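In our numbering, the protein residues as written are 361 to 979. Ideal Cβ placement from N, Cα and C applies to all residues, glycine included. Quick caveat, the model's predicted, so the values are computed rather than measured. Read through the structure below, which is laid out as structure tokens, and then see the notes.
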């Protein structure tokens, strides 16, 4: 049978549209009701999840994270902790033998049955029909009772039992500052399915990737506990504890031993909370309508720091709003809890007994994640440097802005850390999966420091104005879209007009280093040498004996770009470009006065790993 041409065209068009669907992401809307047995640190809950399959795939399985299961002797996190050469100090106990040798033992390995964490799922149903489940460490594998077709929704229901582990890493009970409940990674959480497939990395202590959706969470707990966390408290006038509307008198039933806290959180990819009987709750309502909540222990030794930090937290949010983009939610909570500092949707859990400067810096970092991890939400398992590094970048800028003693290069510490890592010969490419780094130190410096330098070097490459425009455009165009490394590169290219594929490749997919040197200065001619594999455009400052200065800019040919003069007070000459394959480059100095000093990159923003050959004092 021959089909009419018009019908053939329609079929082809529909097929092509299906195969070439643009950006998509899944959606997971949660309803969770949980009852907490505070005495035994256990909880039981029910979860209903409406899942929308916006992909082109027909899904026959889904996967959930069961993060609490990591805190059990013999877990994969336990084994990793025992075998990595530099285990996280929070996760080990240290003892010394008679001969003075230090022994580090995994705290997880010693947990008793009533101290471990666990999360057990039962009665799993899909649209009312039983679905088969299989627990595999920190992952629950679900074989669906019926496939989820592209564009279709389905409803999952399940029951869960959990036990809060002794505080070891992020979540847990009774942390070292006495906070009873730090409830992070506490519920069965659907794994993200994206253009790369299912993200089912086991929980070894690194960070997270999640599915956006709306959360409706009811937490029933002893009435004496005060909670803070993700979302908006819907029954605030029934709960009180400082959440009630101004002037509202809260009346509670004295015969009811519990309270049910009802939170909703729109368009987030996680939900965390903390609880303690001794929390003090302060509120700061900002002019833009965002309410900042501060929950901290009733400890007079920390009152001054927490009070002083509150207006500074608002100033930090002002800076991020102005330099990245508007915070999209109406509340943010800073909560004493956890084991250091960790970001969650609309909140952070932080240790709260430090000095003001360090405490404000901690808040600046964790709050910065609200833009980079909880609005942009890159895949931290694969691209942790985009979240941690970009957050460190904006943190250093705002801390410098708030400081009474501003510095010219607020990123200097990260340059030093990166150089130390390179010299240790333990660096791995930024494209390394977070769990595959040989050492925690290598992971941390790579993600935080080298990730930060990706942006600070953009200032060197395309100028500060273009870099900050890139950041704002990146946030505007990719918020709630899980961007990838290519997206920040393409944004910088669109803003500046520069070609930057070489930069993304060398900086994130290799361990190539930058090393340029002043090879010689003879007959008024400067000769430069590229020693490292990674190319860069070069800025040169020449100082003369008469006190005058002159700068020279050598564009990188493959970049096809000349940046604006970063210092208009000094005359700059733009020279012919330098190709990567040519190892040396020379140019004459025309000034008749004697040359006193020659410097490669006076800004210090190029991550040259051997800066001692960047300066030549002419005698």
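With DSSP run on the structure shown, which of helix, strand or coil describes residue i?
i           : result
residue 365 : Only weak support is given to the placement of residue 365: the predicted model assigns it a pLDDT of 46, under 50, and the question is left unresolved by the model.
residue 373 : With a pLDDT of 42 at residue 373, under the threshold of 50, the predicted position of this residue should be treated as unreliable, and no value is reported.
residue 733 : helix
residue 756 : helix
residue 712 : coil
residue 791 : coil
residue 591 : coil
residue 629 : coil
residue 440 : helix
residue 880 : strand
residue 567 : coil
residue 445 : coil
residue 489 : strand
residue 978 : coil
residue 497 : coil
residue 483 : strand
residue 664 : helix
residue 782 : helix
residue 478 : strand
residue 681 : helix
residue 889 : strand
residue 705 : coil
What does the alpha-carbon distance come out to for the pair residue i and residue j?
i           : j           : result
residue 501 : residue 558 : 11 angstroms
residue 947 : residue 889 : 12 angstroms
residue 893 : residue 916 : 14 angstroms
residue 970 : residue 666 : 42 angstroms
residue 866 : residue 746 : 15 angstroms
residue 574 : residue 703 : 18 angstroms
residue 943 : residue 876 : 10 angstroms
residue 852 : residue 827 : 7 angstroms
residue 843 : residue 542 : 29 angstroms
residue 845 : residue 861 : 11 angstroms
residue 309 : residue 442 : The question about residue 309 has no answer here: the residues shown for the chain are numbered 361 through 979.
residue 551 : residue 739 : 12 angstroms
residue 460 : residue 528 : 26 angstroms
residue 424 : residue 446 : 30 angstroms
residue 504 : residue 482 : 14 angstroms
residue 395 : residue 546 : 13 angstroms
residue 967 : residue 832 : 24 angstroms
residue 837 : residue 770 : 27 angstroms
residue 956 : residue 882 : 13 angstroms
residue 675 : residue 964 : 28 angstroms
residue 707 : residue 634 : 10 angstroms
residue 974 : residue 959 : 6 angstroms
residue 741 : residue 905 : 53 angstroms
residue 908 : residue 863 : 34 angstroms
residue 785 : residue 642 : 48 angstroms
residue 896 : residue 976 : 20 angstroms
residue 390 : residue 768 : 47 angstroms
residue 716 : residue 903 : 42 angstroms
Round the Cβ separation of residue i and residue j to the nearest angstrom and send it over; I've been treating them as touching at under 8 angstroms.
i           : j           : result
residue 834 : residue 572 : Not a contact, Cβ separation roughly 18 angstroms.
residue 548 : residue 568 : The Cβ separation is near 14 angstroms, so there is no contact.
residue 511 : residue 414 : 7 angstroms
residue 856 : residue 886 : Not really, about 27 angstroms apart at Cβ, beyond 8 angstroms.
residue 526 : residue 604 : Actually they are not in contact, since the Cβ atoms of residue 526 and residue 604 sit about 34 angstroms apart, beyond 8 angstroms.
residue 705 : residue 631 : 6 angstroms
residue 658 : residue 640 : 5 angstroms
residue 466 : residue 452 : 6 angstroms
residue 506 : residue 486 : 7 angstroms
Using the beta-carbon count (16 or more within 10 Å), is residue i buried or exposed?
i            : result
residue 383  : exposed
residue 645  : exposed
residue 1047 : The requested residue 1047 does not occur in the structure, where the chain is confined to residues 361 to 979.
residue 562  : buried
residue 663  : exposed
residue 374  : With a pLDDT of 41 at residue 374, under the threshold of 50, the predicted position of this residue should be treated as unreliable, though the coordinate-derived value follows. Result: exposed.
residue 798  : exposed
residue 629  : buried
residue 810  : buried
residue 555  : exposed
residue 386  : buried
residue 928  : exposed
Got a sec: does the ligand HEM put a non-hydrogen atom nearer than 7 angstroms to the Cβ of residue i?
i           : result
residue 540 : Among the components modelled here there is no ligand, and therefore nothing to report on the ligand HEM.
**OP:** Could you tell me whether the stretch 798 to 809 touches the stretch 781 to 790, using the rule of 3 or more Cβ pairs below 8 angstroms?
**Re:** Yes: at least three Cβ pairs fall under 8 angstroms.
Original post:
Counting Cβ pairs, one atom from each stretch, are 3 or more of them under 8 angstroms apart for the stretch 491 to 499 and the stretch 425 to 433?
Top reply: Here the stretch 491 to 499 makes contact with the stretch 425 to 433; the two share three or more CB pairs at distances below 8 angstroms.
Original post:
Below 8 angstroms, can you find three or more Cβ-Cβ pairs linking the stretch 584 to 592 to the stretch 618 to 637?
Top reply: Yes: the two stretches touch, three or more of their Cβ pairs being nearer than 8 angstroms.
**OP:** Kindly confirm or deny that the stretch 689 to 708 and the stretch 645 to 656 touch, where touching means at least three C-beta pairs closer than 8 angstroms.
**Re:** The stretch 689 to 708, when compared against the stretch 645 to 656, does touch it at the 8 angstroms Cβ threshold.
Subject >> Any 3 or more C-beta pairs closer than 8 angstroms across the stretch 754 to 772 and the stretch 724 to 741 >> reply: Between the stretch 754 to 772 and the stretch 724 to 741, the count of C-beta pairs closer than 8 angstroms reaches three or more; the two stretches touch.
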